[in-house]
Amino acid sequence: MILQPSQHSLAQRILLPILVLSFMFMILIGGIIFYSISASLERHLRDDMAQVINSRLRLPLDNLIDQAKLASTGFTYNKNVQRFLYSAEDAEIHSPQVKQQLRQLKDLYGFRDAFLQVPWDDSHHYSAHGMQKNTLFSSLQKEPQLSLHLVDQELLILILTPVLDQQDRVLGRLGVSIPFSSLTAQLDSDLLGGSARIYITNKIGEILASTTHGMPETTVSHHNLESQFKLAVQDEKRFFSFNCSGHTHYLFFTPLHSSDWHLAMDVPRTVMMQNYGSVYLSVFLFVIPFLGLLVLSILLILYSQVKKPLHGITSILRQYHPSEPVTFDNLKPYSTEYYEILQAFSLMDERLKQTYLELQHSKTELEDINRNLELRVQEKTRELAHSNTELEQKVHEIQQINMRLEDMNFYLKQAKQEAQEAAQARSEFIANVSHELRTPLNSIINFTDQIIEDFDEMIGDSNLQQEHLHYLQRVFHNGQHLLALINDLLLYSKADALKLEYETAPCNIAPILRSVHHDFSATVDQTQVEIILDCEPNLYTNVDILRFTQIMNNLVSNAVKFTTRGHITIRGFRQNTDVVVEVEDTGRGIPQEKLPIIFDPFQQLNRYDQGTGLGLGLVRKMCDVMKINIELDTQEGEGTTFRLVMAQVEEETKHHQ
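Position 283 of the sequence shown, counted from 1, bears residue number 684 in our numbering, the numbering being contiguous throughout.
Now the structure itself:
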């Protein structure tokens, strides 16, 4: 084991940090001591300043207020003052005596001015100097009042005390004024050489006056202090500090006992502490040598206890060689510990070598295991990815099969339902057709049989001939009905098989509408149902005349069947570029639930209606082939309107055709 020598000895590397730590400790202790002494001095200074303000500013002002109260009490027992206050008529007579009393009061207590307010004249007062002022007398109150007034650029403290009679009634007020500067000038000059500022604030901390600016409204700088004053008054503090223009200032607060005013004095910290510079210097000169001796003592102790033993350890380690034993002949009494240290170093070196070899072997084995494990993981990952791909394909195929099966199942269910509905419709259709065929055939057979039986008697009997003529007409009518029914069946079968022939050509459909109107008007009882024709003369469009006639016959026949009274209107007109034909009836209408299937074959409104149910289905098929748009408007109980909309043929085409 080879160690590279360091540039510094072990003793130097130990003693140097200890020296640095000792120096830092010395600075810390010195700072703590210096800070403690400074804080103690400042605390004592603040207490002294608070006592000075209390004794030399607040107490004199409270004493002046008490003196004003005492003077007002003395005025109560002065007869001239009482006559002056009681009688407004005798006020001018006793005014000289009252003014003399006020001058004596002013000279006795050293007031700047003394005056008396009377309730019977609120615009004047009587002063010791003969001055007259207004705006001072507002109301007669029993409590003393303090206010500030700026008179001739001089700030005055005005003290108003009530003058009471023997029944404790207010007769007037005695007012005295004191210059604010006379209270503060001596205090400021004696203590701080004119560097302090004294303020008067109200009960919420607003500045009322100061020694430097007079009334507060004459300066703007006071607004920066009012927030501090308000906090001090709110928290009932007597002292706090603040920064102004980078300098620390101390503010001392004290309340007046006889009013809601507060007195405050602003003192710069540098001014307050300048008289104590010698104290700080003495403390500094005492602490620094003491700490220096302390650090030097620590260094000497460390040198004797650390430096020498480390030199001994260094010399022994330098003699150590793996092939040569170490001699301990020149060791001192503490050589046993050195020997144990050297033996521990040797044992540690051997163990480290053995541990390193074992770690190298374990590292090689671990690398082989990791390499094999990575190969196996990669192989398994590839196999798993291949299996997942095949599984996803199978899942996708199964999903496709399921989707196809679901579609097939849906289509099968739908086809089954349609087949069932078609089978039911065909069954009903067969029953209806059988009924429709049986009834006319029975009528024909019965009427024919009756004619044959009565044929001989009919020759000579005119009444019987008329009766049998009616029978023949019924036979003819039923034959026509059978023929129409068979024609509908043949037409629908051809239309359903797409074998129905159409020959469309431009034509005027107005004659067709008139013909249909004429045919049905002859067969319908006009007393119950009126068939109306409302048709323009020229309605040219492109249709098959035969098929269009069949469409109109089916629509009008359907209207006649379901209209028992009212009217049926056949209407034809042009609308924009279209030709519109309407068949409107006032029958029973079509229920809303039947509208989706009204044009389906074999469908009827109810099972009791006559007919095969093929008429409207045949109409739809022929309209689809001839590109006629058929529309339906119906209201149950009011009637139905079928509307045919066809394209109008151009004028040249009509003339050409």
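The C-beta atom is built at its ideal place from N, Cα and C for all residues, glycine as well.
Computed from a predicted model, the values in this text were never measured in an experiment.
Here V577 really is in contact with F512; their C-beta atoms are around 4 Å apart, less than 8 Å. L460 sits away from L549, with the two beta carbons spaced by 7 Å or more.
Assignment of R598 by DSSP, reduced to helix, strand and coil, places it in the strand class. Pairing F974 with V981 gives a Cβ-Cβ distance under 7 Å. Under the three-state reduction of DSSP output, L471 falls in the helix class. By the neighbour-count criterion, in which a residue is buried when 16 or more other Cβ atoms sit within 10 angstroms of its Cβ, Q1049 is buried.
Excluding residues up to 5 positions away in sequence, V961, T964, T965, R966, G967, H968, I969 lie with their Cβ nearer than 8 Å to the Cβ of V930 in the same chain. DSSP, reduced to helix, strand and coil, places G990 outside both helices and strands of the structure shown, so it counts as coil. Per DSSP, the continuous beta strand (DSSP E) segment holding Q976 begins and ends at 967 to 976.
By the 16-neighbour rule on beta-carbons within 10 angstroms, A515 is buried. Annotation for T1041: the continuous beta strand (DSSP E) segment containing it runs 1040 to 1048. Remark: C-beta atoms of V944 and V917 do not approach each other more closely than 7 Å. Of the residues assessed, L767 falls on the exposed side of the cut-off, its CB having fewer than 16 other CB atoms within 10 angstroms.
Counting along the chain, F654 sits inside the beta strand (DSSP E) bounded by residues 648 to 656.
Cα atoms of N959 and Q800: separation of roughly 52 Å, rounded to the nearest angstrom. Our two residues, S863 and L870, have alpha carbons roughly 10 Å apart in a direct line. Residue M1047 holds the alpha-carbon nearest to the alpha-carbon of P907 among L776, G1040, D769, M1047. Selection L503, L575, R570, Q546 evaluated against Q518 yields L575 as nearest (Cα-Cα). For the set L940, I946, K995, the Cα lying nearest the Cα of R972 is the one of L940. In this chain, Q951 is not harboured by any beta strand (DSSP E); it is covered by the alpha helix (DSSP H) spanning 946 to 963. Nearest to I946 by alpha-carbon distance, out of I913, I579, E807, S698, is I913. In this structure Y600 is buried. Its beta-carbon is surrounded by 16 or more other beta-carbon atoms within 10 angstroms.
Of the residues P545, I689, P563, the one whose Cα lies closest to the Cα of I430 is I689.
Rounded to whole angstroms, the separation of the alpha carbons of D463 and L657 is 7 Å.
According to the DSSP assignment, R574 belongs to the beta strand (DSSP E) that extends over 571 to 580. A direct Cα-to-Cα measurement between N803 and T905 gives close to 50 Å. In the assembly as shown, F1043 is a buried residue. Its beta-carbon has 16 or more other beta-carbons within 10 Å.
Less than 7 Å separates the beta-carbon of H663 from that of T602. Going by beta carbons, F921 and I910 fall outside the 7 Å limit. Comparing C-alpha distances from C936 to each of R915, N954, T942, E807 shows the shortest one belongs to R915. Under the three-state reduction of DSSP output, P938 falls in the coil class, being neither helix nor strand. Excluding sequence positions up to five before and after V925, its CB lies within less than 7 Å of the CB of I932, V961, all in the same chain and listed in chain order.
Relative to L556, the option among I579, P545, R570 whose CA is nearest is I579.
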